[in-house]
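Below is one structure, written out as structure tokens; comments come after it.
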Amino acid sequence: MSTIFIALLSGLIFGIGLILSQMANPAKVLSFLDMTGFWDPSLAFVMLGAISVGMVAFALARRRGKTFLGSSISLPTSRVIDKRLVLGSLAFGVGWGMSGICPGPGLVLVGTGSLHGIVFVAAMLIGMAIFELLERYRAGQAKQQDG
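Counting from 14, one number per residue, gives the positions in the sequence shown under our numbering.
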């Protein structure tokens, strides 16, 4: 039960942080991304702060090997930059640039009842489902070639 409570509390703190920093405000994000118009650099400070906290957290996680609740930590080990990573990053960046919303703020916007957030999260879930179907198809094709 404590794991669920900690996860809920962490999500609430993260969501409140997104709201307070205005990362859940698509207009603010788009003004940050628009370097040819009225560029608003304020979100760069939010990102630098998040990166700083993340660096400390990941360094601590690597040393500990377990969460504070005793669960094991599984961090990515691959350092390979392949076509899938590049294409996924491009898809994420284009989606963020077009909508001003990324997954975390999208969930916050759904929680506030925002139509933009609901449409974004629905499209994100559809995209995830399409990816999963393509992965299953690809795995099936690989099995047929091997078998």
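The beta-carbon is built from N, C-alpha and C at its ideal position, and this holds for glycine as well.
Point to revise | Alpha-carbon to alpha-carbon, Gly140 and Leu168 | key: Absent from the structure is residue 168, since the part of the chain shown begins at 14 and ends at 160.
**Study point:** Any C-beta of chain D under 8 Å from that of Gln158
**Key:** No chain D is part of this structure, which consists of one protein chain only.
Practice item. Kindly give me the distance between the Cβ atoms of Gly113 and Gly130, rounded to whole angstroms, as I take these residues to be in contact under 8 Å. Key: Contact flag wrong, Cβ pair sits at about 11 Å.
**Study point:** Secondary structure of Ser85, DSSP reduced to three states
**Key:** strand
Point to revise | Distance CB(Ile19)-CB(Leu122) smaller than 8 Å | key: no
Check your understanding: Is the segment 99 to 117 touching the segment 32 to 40, taking contact as three or more C-beta pairs under 8 Å?
Key -> yes
Exercise for review: Would you mind reading off the limits of the alpha helix (DSSP H) that contains Asp159?
Suggested key: 128 to 159
**Study point:** Endpoints, alpha helix (DSSP H) assigned at Pro118
**Key:** 116 to 124
Practice item. Can you give me the Cβ contacts of Ala70 inside the same chain, cut-off strictly under 7 Å, excluding the 5 residues immediately before and after it? Key: none
Point to revise | Nonlocal neighbours in the same chain, by C-beta distance under 8 Å from Leu56, ignoring five residues either side | key: Ser34, Gln35, Met36, Lys41, Val42, Phe45
Practice item. Return yes when the Cβ of Lys79 is within less than 8 Å of the Cβ of Ser87, no when it is not. Key: no
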